[in-house]
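Below is one structure, written out as structure tokens; the observations come after it.
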Amino acid sequence: MVEPLRMMTQAEREKAAEEAGYNTFLLRSEDVYIDLLTDSGTSAMSDRQWAGLMLGDEAYAGSRNFYHLEASMREVYGYKELIPTHQGRAAEHMLSQLLIKDGDVIPGNMYFTTTRLHQELAGGTFVDVIIDEAHDPESLHPFKGNVDLAKFQAVIDEYGADRVPYVCIATAVNMCGGQPISLENLRAVSELAHQHGILVVHDMTRCAENALLIKEREDGCAEKTVRDITREICDLTDAATMSSKKDHLVNIGGFLAVNDPELADKARNMVVVYEGLHTYGGMAGRDMEALAIGIQECVEFDHIKSRVGQVEYLGEKLQEGGIPIVQPIGTHGVFLDAKKFLPHLDQDQFPAQALAAEIYVDSGVRSMERGNVSAGRDPKTGGNRRPPLELVRLTIPRRVYTQAHMDVVAESVKAVYDARAAARGLRMVYEPKYLRFFQARFEPL
Ligand code: P61
């Protein structure tokens, strides 16, 4: 299937940006030329996945597609119990409510927006224990997703292990540029956590992409398959939340996976309150079938290599043009360093938000702010968090665009870079309470 794209004039895009309050989440998809907002639910399904949709068993209970999904998950990841959900944040919600008590702290390798919010809503506080290099766009550390074990130990010492229900470990850490964690580091994290009776929860949204970078970068892993590395990662962890809209190449879906049968029973009871019966969890039978097939496809080397390879292609093009990006180039997108791109703007003038709007106006390419707006407000001070990373994410859907599209993107970013001195900052004029970046509105300064 192909989708016709529409080219608008610059004047039309200026109007669309204004109407969207300079927030790329509020643009109409029809007004976008190349959509690099996210790789979430935007990938193209394979022939096998489309065929799977035709095999949907839409029984309310006990759909055969659920059993296929469960078997596929167990085969590739090895977790014992699967609780299906409509997408990743539903799994985060249940897990947080089940494991976190008021006053608990949850260490993790950098925050993710929805993950942290669900931890906070359950009464917990997130503590960042990622290595310092992750906050530095220029650091060439090959595993910027690694945990600083001394920081993790300090959390345990300060609060006591009984106030740390789990450590949350993301693979291909999203907010610092799709940066991998190494097997060696994960092994050490798992050992330290388990010594103290702390669970290791895996945010496995882009686990296969992380596994590829382990194969390419970690000593002793070159001969292993992506599938085997993926399994090794999962075996070091006790439970997982999954947004299948990424690695699994489906438009909707996700799950919670756990090894503890008691926790599984509690989650199965909770899923019927918020999502649907425990054999569909908010998905249609056909969606579970496509997901079951996507689990197998995502660990195929040829697929994952070309996917991450396309990200590298765009990243290298931008580097050749002298554009400041997060290094090394990560898994699912290229992240522009907005602080370096627009050094004349203070962070409270939202340089990344402004840059994403400028790129859209230039060419119709849609990207996403990942900086001061995304980070939200500090609950204690009420001020903007002003995170060290102020980024614009050019995220590549899987199996959708060609390298020619990437060339257009690179040309547009270069054009905006050449005109950067004239770029103005933004003022936030509407700010919703939760996850403000999705719906906030801005005006140019
Ligand atoms: C994304 F701007 N990611 O990257 P759900 N964990 C991780 C994710 O990447 C993730 C979820 C959990 C999105 C969609 C999105 O601030 C944002 O299936 C590592 O989206 O519920 C989602 O999975 C949540 C975009 C989510 C955002 C939150 O584009």
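Residue numbers for the sequence shown follow my numbering, so the first one is 1257 and each next one is one higher. Every residue gets a Cβ at the ideal spot worked out from N, C-alpha and C, and that includes glycine.
With which residues is residue i paired in a DSSP beta bridge?
| i | result |
| --- | --- |
| Ile1581 | Leu1592 |
| Val1699 | Per the sequence shown, residue 1699 should be read as Glu rather than Val. Arg1683. |
| Pro1260 | Note: Pro1260 sits in no beta bridge, so no partner. |
| Ser1499 | Gly1510 |
| Asn1640 | Arg1633 |
| Gly1364 | Asp1384 and Cys1424 |
| Met1460 | In DSSP, Met1460 forms no bridge with anything. |
| Met1624 | Arg1649 |
| Ile1290 | Val1621 |
| Leu1505 | DSSP output for Leu1505 lists no bridge partner at all. |
| Leu1455 | Tyr1422 |
Taking the straight line between their C-alpha atoms, what separation do you get for residue i and residue j?
| i | j | result |
| --- | --- | --- |
| Ile1652 | Met1264 | 22 Å |
| Leu1613 | Glu1447 | Strictly speaking, residue 1613 in this sequence is Ala, with Leu absent from that position. Their backbone Cα atoms lie some 45 Å apart in a straight line. |
| Asn1507 | Val1258 | 16 Å |
| His1559 | Gln1552 | 11 Å |
| Asn1525 | Lys1595 | 46 Å |
| Leu1611 | Leu1650 | 12 Å |
| Val1383 | His1452 | 17 Å |
| Ser1668 | Ala1273 | 16 Å |
| Tyr1569 | Ser1395 | 20 Å |
| Glu1556 | Gly1297 | 19 Å |
| Val1656 | Phe1694 | 24 Å |
| Asp1205 | Glu1465 | There is no way to answer for residue 1205, as the model of the chain reaches only from 1257 to 1701. |
| Leu1701 | Met1684 | 10 Å |
| Tyr1333 | Asp1491 | 8 Å |
| Met1301 | His1600 | 43 Å |
| Thr1427 | Glu1474 | 15 Å |
| Ala1523 | Tyr1335 | 14 Å |
| Glu1479 | Thr1486 | 14 Å |
| Leu1311 | Glu1331 | 21 Å |
| Tyr1690 | Leu1373 | 8 Å |
| Arg1269 | Val1288 | 9 Å |
| Arg1622 | Leu1647 | 14 Å |
| Asp1543 | Ser1328 | 14 Å |
| Leu1223 | Lys1561 | In the structure as shown, the chain begins at 1257 and stops at 1701. Residue 1223 is therefore absent and cannot be evaluated. |
| Gly1632 | Asp1604 | 11 Å |
| Arg1462 | Leu1325 | 18 Å |
| Glu1440 | Gly1401 | 12 Å |
| Tyr1323 | Gly1537 | 13 Å |
| Leu1592 | Ala1378 | 33 Å |
| Leu1345 | Lys1501 | At residue 1345 the sequence reads Arg, which differs from the Leu that was named. Answer to the nearest angstrom: the Cα atoms are 11 Å apart. |
| Leu1533 | Ala1666 | 46 Å |
| Gln1575 | Gln1566 | 14 Å |
| Arg1702 | Tyr1616 | Lying outside 1257 to 1701, the shown extent of the chain, residue 1702 is not represented and no answer is given. |
Using the Cβ count rule (16 or more neighbours within 10 Å means buried), how would you classify residue i?
| i | result |
| --- | --- |
| Gly1586 | buried |
| Gly1541 | buried |
| Ala1267 | exposed |
| Glu1699 | exposed |
| Met1350 | buried |
| Asp1459 | buried |
| Asp1360 | buried |
| Leu1261 | exposed |
| Ser1499 | buried |
| Glu1625 | buried |
| Ser1352 | buried |
| Lys1573 | buried |
| Ser1299 | buried |
| Ala1317 | exposed |
| Lys1636 | exposed |
| Gln1659 | exposed |
Give the C-beta separation of residue i and residue j to the nearest angstrom, bearing in mind that I take them to be a contact with Cβ-Cβ under 8 Å.
| i | j | result |
| --- | --- | --- |
| Ala1671 | Asp1618 | 6 Å |
| Val1590 | Pro1393 | With 8 Å as the limit, Val1590 and Pro1393 do not qualify as a contact, their Cβ atoms being about 12 Å apart. |
| Val1482 | Ala1467 | 5 Å |
| Ile1705 | Val1403 | Beyond the ends of the chain as shown, which are 1257 and 1701, falls residue 1705; an answer cannot be given. |
| Leu1309 | Glu1545 | 7 Å |
| Thr1341 | Val1456 | At roughly 20 Å, the Cβ-Cβ gap does not stay under 8 Å, so Thr1341 and Val1456 are not in contact. |
| Ile1339 | Ala1548 | Not really, about 15 Å apart at Cβ, beyond 8 Å. |
| Gly1277 | Arg1697 | 3 Å |
| Pro1643 | Gly1627 | 6 Å |
| Phe1511 | Met1431 | Not confirmed; about 22 Å, so no contact. |
| Ile1425 | Val1445 | 6 Å |
| Ile1362 | Tyr1422 | 7 Å |
| Asn1515 | Asp1494 | 5 Å |
| Ile1579 | Tyr1673 | 6 Å |
Is there a Cβ of chain B sitting closer than 7 Å to that of residue i, yes or no?
| i | result |
| --- | --- |
| Arg1443 | The structure shown has no chain B; it contains just one protein chain. |
Return yes when the C-beta of residue i is under 6 Å from any heavy atom of the ligand MN, and no when it is not.
| i | result |
| --- | --- |
| Arg1654 | Questions concerning the ligand MN fall outside what the structure shown contains, since the ligands it does hold are the ligand P61. |
In chain order, each beta strand (DSSP E) run of at least 3 residues that lies wholly inside the stretch 1642-1671: Whole beta strand (DSSP E) segments, 3+ residues: 1647-1651.
Length at least 3, wholly inside the stretch 1387-1435: the beta strand (DSSP E) runs in chain order: 1422-1426
Start-end ranges of the alpha helix (DSSP H) lying completely within the stretch 1297-1343, minimum 4 residues: Within the stretch 1297-1343, complete alpha helix (DSSP H) segments of at least 4 residues are found at 1303-1309 and 1320-1333, given in chain order.
Go through the stretch 1504-1565 residue by residue and report every complete run of the beta strand (DSSP E) that reaches 3 residues or more, in order. 1510-1514
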